[in-house]
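Chemist: First residue of the sequence shown: 204, per this note's numbering; consecutive thereafter. What follows is a single structure, and I will ask about it in a moment.
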Amino acid sequence: MTIAKRCFSAPGKALLAGGYLVLDAENSSFVTALSARIYAITSSQFVGSTLPTITVLSPQFQEGEWSYTICRSPATGFVSVTTLTPNRRNPFVQSAIATVVNYLSATGILQTAMPSLTINILSDNAYHSQPSDGVLPFNKHLLPIVAVPKTGLGSSAALTTSLVAALLSFYGDMNPVASESKTILHNLAQLAHCNAQGKVGSGFDVACAVFGSIVYRRFQPSIISSLPSAPTSSDREMEASYLLSLTNIIDADWNVGTGACAVPRRLRLLMGDVTGGSETPAMVQMVLQWRKEGGDSAAAVWTALGKANEKLIAAMIGLGEQAVEMPEEYDAFVDEVLKVSAMGIRQLGLSNGGRTGELFALVVDAIIEIRDNLRIMTIRSGAQIEPIEQTRLLDACSTLPGVLGGIVPGAGGYDAVCLLAAEAAVDAIAKHTEGEFEKVKWLELREEAHGVREEDLLEIEKFL
Ligand SMILES: Nc1ncnc2c1ncn2[C@@H]1O[C@H](COP(=O)(O)OP(=O)(O)O)[C@@H](O)[C@H]1O
Ligand SMILES: C[C@@](O)(CCOP(=O)(O)OP(=O)(O)O)CC(=O)O
């Protein structure tokens, strides 16, 4: 039995506003999908006499091969997924496989005679630091994937999402990216990603990989932590209980906020890669401890930052609407934005910019307020969210014509900055390479219009 090949891809992410606060379900965040995608290509296969196997190949990386046998219990339908490559583990791949095949088995969709499957993964170069001589869109690395430095675009979320989509299409004989299937795809990807990470983050990265640029409000962590551990022995009662719980969780309404949003026309998020690292889990722990022990003063900062985030989100949505409803006023103001720095944009907006100008001034003010509060959190929690080196760089960026402001994306740290600027100003911004600008490499990334989607195989297969 030969089954048609299909290819699914998912984008990377930048968390522009909402870092840390998005961990609380009552706070919204602004997440932008980026034009760096990870592709999962199912290729054919057959029903053999032995146990079906699923092999995932990542030809860009040394040792990029992970294989698993699939064994389904005739009594309960529970599917055990056992690695055939114990010396090369990939928790995100194994978790995606186990979550999808067990859900499909529990819902009666999984074929009785499961065919074996090979899935090839390709990831755009932007996800990993590149070899100097790299020229293809999918460079090969001389190291295993765990050893190649990442650029913080959310590779595990994009991988998990594209892999879950590919597995659903193959074993569930469905269109996983159809609107009626996307919620199931999202829930499966979130669960698989959390299980692979061994912790329940806010899930903004997986939600962005599924839905694209969104105003995101998280699901309650208890939805995921309520799933019992997968049975490790053939205990029929445990297997049946696990499958029932899995089905109830995936089919439930997670009440996640995923309203579409986008960076307004003629504006652009400019991602800067800064030499230096950050340890997100440790920073999250420091911030949450400060929040918990910091009393009213911590609560006041947390609330002020939440309001500044909401202000930025509302202003960005408002500008998007202005660009459509008042295009002439909007375009005339953007033409002026190109000539002045953030403070000049604010002044212009407050003096004679009409509703458009007011919204531009609100964006500038909101970014300033977000940064002010992140710096207070940096000092009081000890987590280096906006360390002084990043403050100097962001302040310098904000003096450049056409820049509305800049922030440290996500958890912050030393490794990245994100500017909001007029598209037409970006080339001039990139020409600044001295002083504070010496340490930043501006990435060729743009906002991605789509979350997970099916791809034209002919465009991708030639790279395999
Ligand atoms: N192209 C890929 N092929 C296979 N696995 C991948 C790929 N990209 C990412 N992964 C998986 O995701 C892991 C990286 O996850 P993580 O360390 O959380 O980084 P990120 O912040 O980019 O998600 C890799 O170690 C690997 O297990
Ligand atoms: C702190 C957070 O709210 C945001 C972290 O954003 P990053 O983009 O920094 O995440 P990593 O890619 O894992 O480093 C944690 C969360 O939302 O889970």
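Positions of the beta carbon are idealized from the N, C-alpha and C atoms, including for glycine.
By Cβ distance below 6 Å, which residues in the same chain neighbour GLN265 in space, the five residues on each side in sequence not counted?
Modeler: Here the set comprises LEU346 and PRO347.
Chemist: If ILE668 sits next to ILE610, beta carbons under 8 Å apart, how far is it from one beta carbon to the other, in whole angstroms?
Modeler: Residue numbering for the chain in the displayed model covers 204 to 667; residue 668 lies beyond these limits and cannot be assessed.
Chemist: What residues are listed by DSSP as bridge partners for VAL477?
Modeler: VAL643.
Chemist: Near ALA507, which residues of its chain fall below 6 Å by C-beta distance, leaving aside the five closest residues on each side in sequence?
Modeler: ASN576
Chemist: Is TYR223 a contact residue of ligand 2, with contact defined as CB to any heavy atom under 8 Å?
Modeler: yes
Chemist: CA-CA distance, ALA433 and ARG583?
Modeler: Cα atoms of ALA433 and ARG583: separation of roughly 40 Å, rounded to the nearest angstrom.
Chemist: Have a look at PHE563, LYS208 and LEU224 and flag the residue whose alpha-carbon is nearest the alpha-carbon of ALA503.
Modeler: LEU224
Chemist: Round the Cβ separation of ALA633 and GLY605 to the nearest angstrom and send it over; I've been treating them as touching at under 8 Å.
Modeler: Not confirmed; about 12 Å, so no contact.
Chemist: State the start and end residues of the unbroken beta strand (DSSP E) segment that holds LEU219.
Modeler: 209–220
Chemist: For THR258, which of helix, strand or coil comes out of DSSP?
Modeler: strand
Chemist: For PHE407, report the span of its alpha helix (DSSP H) as first-last.
Modeler: 407–414
Chemist: Verify whether the separation of the beta carbon atoms of ALA213 and LEU391 is less than 9 Å.
Modeler: no
Chemist: Who are the Cβ neighbours of LYS665 in its own chain at under 8 Å, not counting the five residues just before and after it?
Modeler: When the five nearest sequence neighbours on each side are left out, no beta carbon in the same chain lies closer than 8 Å to the beta carbon of LYS665.
Chemist: Do LEU648 and LEU356 come within 9 Å of each other at the CB atom, strictly closer than that value?
Modeler: In this structure, LEU648 lies closer than 9 Å to LEU356 by Cβ.
Chemist: Since GLN393 and GLY375 should fall inside the 8 Å C-beta cutoff, what is the C-beta to C-beta distance between them, to a whole number of angstroms?
Modeler: Not really, about 17 Å apart at Cβ, beyond 8 Å.
Chemist: From GLY280 to PRO289, what does the alpha carbon distance come to, in whole angstroms?
Modeler: 25 Å
Chemist: Please go through the same chain and pick out, in chain order, the residues whose beta-carbon is closer than 6 Å to the beta-carbon of ASN230, but skip the five residues on each side of it.
Modeler: Counting only residues of its own chain and dropping the five nearest sequence neighbours on each side, ASN230 has a CB closer than 6 Å to the CB of LEU224 and GLY509.
Chemist: Starting from THR288, trace the alpha helix (DSSP H) in both directions and tell me its first and last residue.
Modeler: No alpha helix (DSSP H) contains THR288, which DSSP labels as neither H nor E.
Chemist: Could you round the C-beta distance between VAL304 and ILE273 to whole angstroms and report it? I think they count as a contact, below 8 Å.
Modeler: 6 Å
Chemist: Determine the direct distance from the alpha carbon of SER308 to that of VAL566, and round the result to whole angstroms.
Modeler: Approximately 49 Å between the Cα atoms of the pair.
Chemist: Given a threshold of 16 other Cβ atoms within 10 Å of its Cβ, counted over all protein chains shown, does ASP659 qualify as buried or as exposed?
Modeler: The residue in question, ASP659, is exposed, as its Cβ has fewer than 16 Cβ neighbours within 10 Å.
Chemist: Helix or strand or just coil, what does DSSP make of THR272?
Modeler: Three-state DSSP puts THR272 in a strand.
Chemist: Check ARG421 in the structure and name its three-state DSSP category.
Modeler: coil
Chemist: Opposite ARG240 in the DSSP bridges: which residues?
Modeler: PRO214
Chemist: Report yes if the C-beta of VAL351 is less than 8 Å from at least one heavy atom of ligand 2; otherwise report no.
Modeler: no
Chemist: Could you work out which residue in THR310, LEU339 and LEU622 is closest to SER448 when comparing CA atoms only?
Modeler: THR310
Chemist: Enumerate in chain order the residues of its own chain whose CB-to-CB distance from ALA564 is below 6 Å, with the five nearest sequence positions on each side excluded.
Modeler: ARG549, GLY552 and LEU553
Chemist: Taking Cβ to Cβ, would you say LEU370 is nearer than 9 Å to ILE300?
Modeler: yes
Chemist: List the residues that DSSP assigns as beta-bridge partners of SER326.
Modeler: According to DSSP, which records beta bridges pairwise, SER326 is partnered with ILE241.
Chemist: Determine the contact status of GLY654 and MET486, defining contact as a CB-CB distance below 9 Å.
Modeler: no
Chemist: Along the beta strand (DSSP E) that carries ILE606, what are the first and last residues, could you check?
Modeler: The question names Ile, but residue 606 in the sequence shown is Val. From DSSP, the beta strand (DSSP E) with VAL606 extends over 606–610.
Chemist: Given a cut-off of 9 Å, decide if SER481 and ASP197 are closer than it, judged by their beta-carbon atoms.
Modeler: The question about residue 197 has no answer, for the chain in this structure spans 204 to 667.
Chemist: Three Cβ pairs or more, each shorter than 8 Å: is that satisfied between the segment 458–475 and the segment 409–426?
Modeler: yes
Chemist: Taking the straight line between their C-alpha atoms, what separation do you get for LEU446 and GLN263?
Modeler: 35 Å
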